[in-house]
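Enquirer: Numbered as in this note's numbering, the sequence shown ends at 181 without a single skipped number.
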Amino acid sequence: MGTTVLIVDDSKLARIVVSKALDALQPDWARIEAASAEDALQVIGAEQVDVVMIDYNMPGRDGLSLAEELREKYPQMPIAVATANIQDEIVARARAANATFIPKPVTEDSLRGFISGAALRLKAAR
């Protein structure tokens with residue numbers, strides 16, 4: 056069974072950047088994209104998703120509220136919230152939702168810890 060990552064960001068360019076960094080770290084992981092929190096919920100309802108990476112700042116519902124909802128439904132799912140808005144309150148909310156905070160711009164180096172931790176958690180769960 057392969058691993059599928061859902062990349063949620065309203066910016067197509069940002070989704071491409073995250074996908075390329077992810078490809079360098081875990082080239083065998085499949086990637087699905089969503090442009091909003093609502094799209095992400097539809098994808099998760101229809102497909103098997105193992106890991107979610109969410110942009111904080113999106114039109115409509117923000118990424119932290121999506122992360123909080125997903126955490127309630129999927130307590131073991133690795134979730135990361137990425138944003139250039141590095142405020143203590145946002146970092147604290149991400150931690151409270153048991154989500155990893157990743158500063159933007161997302162790079163291979165900034166993803167490495169989250170992705171390696173996610174891989175270990177998924178391996179242990181299987």
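Positions of the beta carbon are idealized from the N, C-alpha and C atoms, including for glycine.
Note that the coordinates shown come from a computational prediction; the quantities given were computed from them, not determined experimentally.
(1) For Thr59, which of Ser66, Met113 and Leu77 has the nearest alpha-carbon?
(2) Measuring only the C-alpha atoms, how far is Ala135 from Val107?
(3) Using three-state DSSP, classify Arg86 as helix, strand or coil.
(4) Among the residues of its own chain, which have a CB less than 7 Å from the CB of Glu163, if the five just before and after it don't count?
(5) Use the C-beta contact count for Arg148: other C-beta atoms within 10 angstroms, 16 or more gives buried, fewer gives exposed.
Expert: Well, looking at it:
(1) Leu77
(2) 6 Å
(3) strand
(4) Ala76, Ala79 and Leu80
(5) buried
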